[in-house]
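K.L.:
Structure incoming, see below.
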Amino acid sequence: MRIVSAGGDFLIDESGFKYFDLCMGYGSVCLGHNYPPVINEQLKQLQTYASPGFIESDIYVQAKHLLEKHIQGYHVHGFYPSGANAVEIAVKLAMQSKGLPKIISFAKSMHGKTIFANKLGFESYLQDDDQIIRIPFLGEKTEHDVLKSCEAHMQSGNVAAIIIEPIQMSGGGFKGHPQFYRNLEQLAVRFGVIQIYDEILTGFYRTGSPFFFKTQGVKPDIVLAGKAIGSGFPVSAVMIEKTFVISDKFRGGGTFFNHPMACASIVATINACEQLDLAARTHEIELCILKHLPAQHLSGQGALWNIDLGSVSNANAAVKELLANKIIVTYYDKYIRFFPSFRVDLSHLIKACQIVKRYL
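In the numbering used here, each residue's number is its place in the sequence shown (first place is 1) plus 211.
Listed below in structure tokens is the structure:
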């Protein structure tokens, strides 16, 4: 099967078959494929100015202003071509700011596929980096144990930052209670450790609110966004709390830094999203999922769901039947993930739920 075109909720293959897409570019295509308001803005920018360069563009200023409206108290440091870029820039920024060598991360968090970003969450035969302190997360440890481990490492005085993927969508869908994130913040503040929240997947209304951390009563030093902010165009953002001081010596650019096409995609996406009641839309999606799938097999919220099939064989069988019914999902191990667009037709989502339910 090869995809030759797409529109709305659907992918179309070379034989003309339509597939209901619940992968949606791993959660990046938030408004559906080829959404006209987004495509039109991208075409307009392509015909105007679409080259990288270090001189600030008008479309960059617009993108920066619009995104900052949705994350009050932060300013955009810059836009990058991928989530892994944003992660590495944030870690570099934290380490340079603190002058300390180590970073705390959590096992099975997905921060990207470059050697360093991948090492933050997973074992890697490519690199042995003792700068990374990778701690087991929820699902393997209790919230109390995770906090105790973080405290023990922070007490050493050599930790520059802690990076948090607040919902582990490649590690079982685990998330903490709001008090867990608040306690983690208290530890970071006490020991002078910079908090980096990787909201590349959970952010920009994917979980219902503008950013997940806003609902947890915490205020990270650095927040990362991506995926949904560009409607599938490769772009991420590093956003910094307004009182955070960056050294004049910090070099955080790159060839495709603040690229006009990426900025145009952000402007188009945010303008289109502001015409929709995203909180209501993601709430409807959440209610639909909770109504048609058993809660004990679910983790997630809004338009971000991880479904535990109990075994790899069950997950593979469910994926096979979904594909036979022209439904595309993303999956790993014993889990299936639903990343519907915010404009999804709920009747198609219900059909997918009904198929998956047969394997629970």
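Glycine is no exception: its CB is placed at the ideal position from the N, C-alpha and C atoms.
Which class does residue 217 belong to by DSSP, given the choice of helix, strand or coil?
P.N.:
Numbered from 1 along the sequence shown, position 6 holds the residue referred to as residue 217. Reduced to three states, the DSSP call for residue 217 is strand.
K.L.:
Quickly, what does DSSP pair residue 517 with across the bridge? List them, please.
P.N.:
Counted from its first residue, the sequence shown places residue 517 at position 306. Bridge partners of residue 517: 510, 548.
K.L.:
Smallest Cα separation from residue 514: which of 554, 530, 399, 508?
P.N.:
Here residue 514 refers to the residue found at position 303 of the sequence shown. Residue 514 has its Cα closest to that of 554, out of 554, 530, 399, 508.
K.L.:
What are the boundary residues of the beta strand (DSSP E) that includes residue 371?
P.N.:
By one-based count along the sequence shown, residue 371 stands at place 160. That run of the beta strand (DSSP E) goes 370 to 375.
K.L.:
Just to check my reading of the structure: residue 321 and residue 548 have Cβ atoms closer than 8 Å, yes? What is that Cβ distance to the nearest angstrom?
P.N.:
Your numbering for residue 321 matches position 110 in the sequence shown. Your numbering for residue 548 matches position 337 in the sequence shown. That pair is no contact at about 11 Å.
K.L.:
With a threshold of 7 Å on Cβ separation, who are the neighbours of residue 413 within its own chain once the five nearest residues in sequence on each side are excluded?
P.N.:
Position 202 of the sequence shown holds residue 413. For residue 413, where only same-chain residues beyond five positions count, the Cβ hits under 7 Å are 377, 378, 423, 515.
K.L.:
Classify residue 260 as helix, strand or coil using the three-state DSSP reduction.
P.N.:
Translated into the one-based positions of the sequence shown, residue 260 becomes position 49. In the structure shown, residue 260 sits in coil (DSSP, three-state: anything other than H, G, I, E or B).
K.L.:
On a CA-only basis, which of 290, 451, 567 is nearest residue 524? Give me that one, please.
P.N.:
Residue 524 sits at position 313 when you count from the first residue of the sequence shown. It is 567 whose Cα lies nearest to the Cα of residue 524.
K.L.:
Ordered along the chain, which non-local residues of its own chain (more than five positions away) have a Cβ less than 8 Å from that of residue 316?
P.N.:
Your numbering for residue 316 matches position 105 in the sequence shown. Counting only Cβ-Cβ distances below 8 Å, and skipping sequence neighbours, we find 322, 331, 332, 343, 344, 345, 346, 373, 374.
K.L.:
Please tell me whether residue 290 has its Cβ less than 8 Å away from any Cβ of chain C.
P.N.:
Judged by its chain identifiers, the structure shown contains no chain C, having just a single protein chain.
K.L.:
What does residue 434 pair with, by DSSP beta-bridge criteria?
P.N.:
As a first step, residue 434 is located in the sequence shown; it is residue number 223 there, counting from the start. According to DSSP, residue 434 bridges with 408, 450.
K.L.:
Contact defined as beta carbons within less than 8 Å: I believe residue 256 pairs with residue 270. What is the distance between those atoms, to the nearest angstrom?
P.N.:
Position 45 of the sequence shown, counting from 1, holds the residue named residue 256. Position 59 of the sequence shown, counting from 1, holds the residue named residue 270. 6 Å between Cβ atoms; contact.
K.L.:
What's the call for residue 287, buried or exposed, on a 16-neighbour Cβ count within 10 Å?
P.N.:
As a position in the sequence shown, residue 287 is number 76, starting the count at 1. Buried: at least 16 other Cβ atoms inside 10 Å.
K.L.:
Using only the alpha-carbon positions, how far apart do residue 544 and residue 228 sit?
P.N.:
Your numbering for residue 544 matches position 333 in the sequence shown. Your numbering for residue 228 matches position 17 in the sequence shown. So the two alpha carbons sit approximately 28 Å from each other.
K.L.:
Taking C-alpha atoms, which residue in 306, 503, 462, 352 lies nearest to residue 404?
P.N.:
For the purposes of this step, residue 404 is taken as the residue at position 193 of the sequence shown. Nearest of 306, 503, 462, 352 to residue 404, Cα basis: 306.
K.L.:
Helix or strand or just coil, what does DSSP make of residue 487?
P.N.:
By one-based count along the sequence shown, residue 487 stands at place 276. Reduced to three states, the DSSP call for residue 487 is coil.
K.L.:
What would DSSP say about residue 541, mapped onto helix, strand or coil?
P.N.:
On the sequence shown, position 330 is the one that residue 541 refers to. Here residue 541 sits in strand by DSSP.
K.L.:
Pull up the distance between the alpha-carbon of residue 462 and that of residue 272, whole angstroms please.
P.N.:
Here residue 462 refers to the residue found at position 251 of the sequence shown. Here residue 272 refers to the residue found at position 61 of the sequence shown. For residue 462 and residue 272, the distance between alpha carbons rounds to 20 Å.
K.L.:
By the DSSP assignment, the alpha helix (DSSP H) with residue 401 in it spans what residues?
P.N.:
The residue you call residue 401 lines up with position 190 of the sequence shown. 389 to 402 is the extent of the alpha helix (DSSP H) around residue 401.
K.L.:
For residue 509, which of 546, 538, 492 has the nearest alpha-carbon?
P.N.:
Reading the sequence shown from its first residue, position 298 is the one you call residue 509. The shortest Cα separation from residue 509 among 546, 538, 492 belongs to 546.
K.L.:
Looking at C-alpha atoms only, which residue of 482, 571, 447, 528 is the closest neighbour of residue 248?
P.N.:
Taking the first residue of the sequence shown as position 1, residue 248 is located at position 37. From the listed residues 482, 571, 447, 528, the smallest Cα separation to residue 248 is found for 482.
K.L.:
Taking 8 Å as the threshold (C-beta atoms), are residue 570 and residue 534 in contact?
P.N.:
Against the sequence shown, residue 534 aligns to sequence position 323. Against the sequence shown, residue 570 aligns to sequence position 359. It is not a contact, given that the beta carbons lie outside the stated cut-off.
K.L.:
Per DSSP, what kind of secondary structure is residue 416 in: helix, strand or coil?
P.N.:
Reading the sequence shown from its first residue, position 205 is the one you call residue 416. Assigned with DSSP and collapsed to three states, residue 416 falls in coil, not helix or strand.
K.L.:
Comparing C-alpha positions only, which one of 260, 385, 477 sits nearest to residue 352?
P.N.:
Position 141 of the sequence shown, counted from the start, is the residue given in the question as residue 352. Answer by Cα proximity: 385.
K.L.:
Can you tell me the Cα-Cα spacing of residue 449 and residue 361, whole angstroms?
P.N.:
Translated into the one-based positions of the sequence shown, residue 449 becomes position 238. Translated into the one-based positions of the sequence shown, residue 361 becomes position 150. So the two alpha carbons sit approximately 24 Å from each other.
K.L.:
When the Cα of residue 236 is compared with those of 559, 445, 473, which residue comes out closest?
P.N.:
Taking the sequence shown and counting its residues from 1, one reaches residue 236 at position 25. Of the candidates 559, 445, 473, the one whose C-alpha sits nearest the C-alpha of residue 236 is 445.
K.L.:
Just to confirm the assignment: which complete alpha helix (DSSP H) runs, minimum length 4, are found wholly within the stretch 234 to 300?
P.N.:
For the stretch 234 to 300, the continuous alpha helix (DSSP H) assignments of 4+ residues that do not extend past its boundaries occur at 235 to 238, 247 to 259, 269 to 280, in sequence order.
K.L.:
Name, in chain order, the residues that DSSP records as bridge partners for residue 230.
P.N.:
Position 19 of the sequence shown, counting from 1, holds the residue named residue 230. BP columns for residue 230 point to 222.
K.L.:
Three or more C-beta pairs under 8 Å: does that hold for the stretch 428 to 439 against the stretch 391 to 411?
P.N.:
yes
K.L.:
Is residue 419 closer than 8 Å to residue 512 when the C-beta atoms are compared?
P.N.:
The residue you call residue 512 lines up with position 301 of the sequence shown. The residue you call residue 419 lines up with position 208 of the sequence shown. Contact: yes.
K.L.:
Hey, residue 439 and residue 415 are a contact pair by Cβ (cut 8 Å); roughly how many whole angstroms apart?
P.N.:
Taking the sequence shown and counting its residues from 1, one reaches residue 439 at position 228. Taking the sequence shown and counting its residues from 1, one reaches residue 415 at position 204. That pair is a contact at about 4 Å.
K.L.:
If I follow the unbroken alpha helix (DSSP H) through residue 524, where does it start and stop?
P.N.:
Position 313 of the sequence shown, counting from 1, holds the residue named residue 524. First-last of the alpha helix (DSSP H) with residue 524: 523 to 535.
K.L.:
Could you give the DSSP three-state label for residue 476: helix, strand or coil?
P.N.:
Locating residue 476 in the sequence shown gives position 265, counting from the first residue. Residue 476: helix per DSSP, three-state reduction.
K.L.:
Does DSSP classify residue 316 as helix, strand or coil?
P.N.:
Reading the sequence shown from its first residue, position 105 is the one you call residue 316. Three-state DSSP puts residue 316 in a strand.
K.L.:
Checking the sheet assignment: what are the DSSP bridge partners for residue 385?
P.N.:
Here residue 385 corresponds to residue number 174 of the sequence shown, with the count starting at 1. Under DSSP, residue 385 takes part in a beta bridge, and its partners are 379.
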